[in-house]
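The sequence shown begins at 47 in the working numbering and counts up one residue at a time.
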Amino acid sequence: MAMQTDFTVILEDRPGTAALVGETLGRAQVNIDGLSLFTSGGIAIFHVLVAPQEVDHARQALRDAGIDLHGERRVWVNQLADRPGAMGALLHRLADADVNCDLLYLDAHGRLVIGAEDMEEVSHLLS
47 MAMQTDFTVI LEDRPGTAAL VGETLGRAQV NIDGLSLFTS GGIAIFHVLV APQEVDHARQ
107 ALRDAGIDLH GERRVWVNQL ADRPGAMGAL LHRLADADVN CDLLYLDAHG RLVIGAEDME
167 EVSHLLS
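As structure tokens, then:
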């Protein structure tokens, strides 16, 4: 289990915004470990996962490109068993402890990324 950093970037929902984020981080030699994107009401909301050693560099690259960071947070990242029901069983442990996940996606390595208000509790329950 590892804690990593997830950046939230909000841009206008139009062609090229995803390319802008990817190209900005690519030019800065920052590898994207995971990414989630959804759109709503004319905006594109990105969640970008980077390795711990690249957090400062990624933050600066995005800022230098004029990309506003809407948020930055620690998230729980761990390999998920590749079998039916594995995610449900894991998330049920959090639900039983009344921990609500507000961010959930898979990264480029097939690991589960979880964000919640109480990350210490998530780490405690899932370690």
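Heads up, the beta-carbon is just placed ideally off N, CA and C, and yes, glycines get one too.
By the beta-carbon neighbour count (other beta carbons within 10 angstroms, threshold 16), residue 85 is exposed. Counting other Cβ atoms within 10 Å of its Cβ, residue 104 reaches 16 or more and is therefore classed as buried. Of all alpha-carbon atoms in 152, 79 and 111, the one lying nearest the alpha-carbon of residue 67 is that of 111. When the alpha-carbon of residue 63 is set against those of 113, 163, 152 and 132, the nearest one is in 113.
Residue 146 holds the alpha-carbon nearest to the alpha-carbon of residue 164 among 130, 146, 132 and 102.
Each of 57, 97 and 59 was checked against the Cα of residue 51, and the nearest Cα belongs to 97. Contact fails between the segment 70-90 and the segment 131-138, because fewer than three Cβ pairs, one in each stretch, are under 8 Å apart. A straight-line Cα-Cα distance of about 33 Å links residue 168 and residue 69. The criterion of a C-beta distance shorter than 7 Å is not satisfied by residue 102 and residue 154.
Beta-bridge partners of residue 161 (DSSP): 149. Here residue 95 is buried: its Cβ has 16 or more other Cβ atoms, across all protein chains shown, within 10 Å. Considered as a whole, the segment 50-103 harbours 63-73 as its complete alpha helix (DSSP H) runs of no fewer than 4 residues, in chain order.
Between residue 120 and residue 127, the alpha-carbon positions lie close to 22 Å from each other.
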